[in-house]
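Residues in the sequence shown are numbered consecutively from 1, following the UniProt record's numbering.
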Amino acid sequence: MTTPTGQRMRQTLACTAAANAYQKQFGIDLKRRVVDEGEPFAIVQADTPHEIFHVMDIPIITNQWWSAYISAKQLSGRYFEVMAEHGYPENSCKYCSLGLACTLANDPKTAPWGGLPTPTVLVARLTCDCIQHVFGQWAEAMGTEFFAMEAPAWEHKDPRWFAHSNRDWDEIYQPDRIALMVSEMRDLITLLEKRTGRRFDEAKLHHLMERINEQEGYIWEANQALAKARPCPVSIGEQMSNTMIPQWHRGSDWAVNHARRFRDEVLDRIAQGQGAADDERIRLMWIGAGVWHDPGFYQALEERMGAVFVWSMYMPFAGPQYIRELKDRPMEALASRICSMNEVLHLPPWMNGWMESEAERCGLDAAVVLLPPDNRLSQSGTRLTALSLEQAGIPVLMIDADMVDAKNWDHDRMVTLVGNFLTEKGLA
């Protein structure tokens, strides 16, 4: 197994430590509820309606969060060896299948929490060919049910969907697709009520959606200020922590208050002229999921070259994809948020249309793209987005590496690769 080479992230915000502490305690409480006390829970993909579970007070473990958690503990290499031993191809999609690999390893001594108990259900949208296989076989291995949600074709191809998605969501995301998602959500609610004895309250959903709008508004306000600020006040490692940890708890009192606190700290750093780097000279865009096994990677070039990763998808996504005018139709508004979440991040024309606009809005000089060799969804639109950015005058470096598998990753080599690219493009 490759020796881990990841480095820790340097923290500048007080709220970053608070977010990490909250998530650590959440993990402890979640383990108590799920593992020790045997509460019903679900394993779900990131692009599924978490709000349904929050309203019903059913704990969820998000597959992507669980994969990142396993990867941060440097366990992915061993678990992928186990998958190969079970006959799975070595080029399986790593991000979505790491949880399955952990279950197949069946090794309580190494697994976080000693491994997961049997969930009430596993839930995923069928956004690519591998999802049905991964979740179907994972459910079988855990002796439970897989609830699949459709991902029908999106015919409304507006490259500037983000400009009016908050208000015109019922048109942009198509009434038929929204109606299908609502129907499936109601089927999911029926299943959960039957299996857990807990009841869904649509009035609680309406309140939760209002609170989510407030939370995402704070994050979006911080991002708009950050995009204009010179220097960039916060590097993307801390942007990710302070955006995504609240996202896993979106709409809760803690999440709303933390988003407000994050906004306030960002605005305060801007007012004081503080930057992520002492001498910012290059503003970079990161396209792809985070490199969860090496969070210190993003800050490695800040002092050496004044190169700051200003942008990743996580923080600016809060505005166009989460905020919704409810129109007294909370289920439909939620469906519009969920039904194309993966598509706008991974497929043209939505992905490249948004990211071209974001590069201009944030004044970015170059883009670095994570291109996981075994993740087809992350590749399909990414290459076209790279081409679009290059045609818009933004140099692009594509890195063949994985967000959770550190096997082919070396911190120093990757930092040198990016540094050489910036030098070759005349930016350093």
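The C-beta atom is built at its ideal place from N, Cα and C for all residues, glycine as well.
DSSP beta-bridge partners of residue i
i: T62; result: V44
i: W286; result: V368
i: F309; result: L284
i: M398; result: V369
i: E302; result: None; E302 has no bridge partner.
i: V121; result: A42, E145
Own chain, CB closer than 8 angstroms to residue i, minus 5 neighbours either side, in chain order
i: P4; result: Caution is warranted here: a pLDDT of 47 is assigned to P4, below 50, making its placement in the model unreliable, and no coordinate value can be reported.
i: T196; result: P40, M56, I58, T120
i: V415; result: F297, A300, L301
i: A18; result: H258, R261
i: R199; result: M56, E193
i: R304; result: G419
i: P108; result: G114, G115
i: T397; result: Sequence inspection shows Leu at residue 397; the Thr mentioned does not correspond to that position. A366, A367, V368, V369, L417, V418, F421, listed in sequence order.
Own chain, CB closer than 6 angstroms to residue i, minus 5 neighbours either side, in chain order
i: G251; result: L208, R211, I212
i: D279; result: G306
i: R261; result: C15
i: R177; result: P152, C339
i: A335; result: I178, M181, V182
i: A111; result: C102
i: T385; result: M351, N352, M355
i: E216; result: A318, Y322, I323
Identity of the residue in the options nearest residue i by Cα
i: G273; options: A229, Y22, R177, E155; result: A229
i: L387; options: C362, L364, L417, P348; result: P348
i: Q224; options: A179, A255, E356, V266; result: V266
i: G290; options: C362, E51, V368; result: V368
i: E332; options: E171, R78, A46; result: E171
i: P117; options: I399, N408, T144; result: T144
i: Y22; options: A255, A46, C128, M355; result: A255
i: Y95; options: E360, A428, F80, H206; result: F80
i: L122; options: H156, I60, A72, M83; result: I60
i: M313; options: P330, P372, M244; result: M244
i: P233; options: G393, A271, G217; result: A271
i: W154; options: N342, L422, D400; result: N342
i: D402; options: E424, L427, P372; result: P372
i: G165; options: W138, R337, G115, A105; result: Residue identity differs from the one stated: residue 165 is Ser in this sequence, not Gly. Answer by Cα proximity: R337.
i: L226; options: I52, I43, F309; result: F309
i: D328; options: A124, G38, R167, V34; result: R167
Nearest-angstrom Cβ-Cβ length linking residue i and residue j, presumed shorter than 8 angstroms
i: M149; j: T48; result: 7 angstroms
i: L364; j: I399; result: The pair is not a contact, with the Cβ atoms about 17 angstroms apart (cut-off 8 angstroms).
i: L427; j: I282; result: 5 angstroms
i: F147; j: L191; result: 6 angstroms
i: A276; j: P231; result: 7 angstroms
Cut-off 7 angstroms between Cβ atoms - residues of its own chain near residue i, not counting five sequence neighbours on either side
i: M1; result: The predicted model places M1 with a pLDDT of 37, which falls under 50 and marks its position as unreliable; any figure quoted below should be read in that light. For M1, where only same-chain residues beyond five positions count, the Cβ hits under 7 angstroms are G77, R78.
i: M185; result: P49, I52, M331, A335
i: S67; result: Y95, L98, G99, V404
i: E358; result: W311, P316
Distance cut-off 8 angstroms: residue i Cβ against heavy atoms of the ligand SAM
i: E238; result: Among the components of this structure there are no ligands whatsoever, and the ligand SAM is therefore not found.
### Task
Would you be able to state if there are at least three C-beta pairs under 8 angstroms between the segment 156-167 and the segment 320-338?
yes
### Query
Does the count of Cβ pairs from the segment 122-135 and the segment 168-175 closer than 8 angstroms reach three?
no
#### Entry: the segment 86-98 in contact with the segment 24-34 per 3-pair CB rule at 8 angstroms
With fewer than three CB-CB distances shorter than 8 angstroms, the segment 86-98 does not count as touching the segment 24-34.
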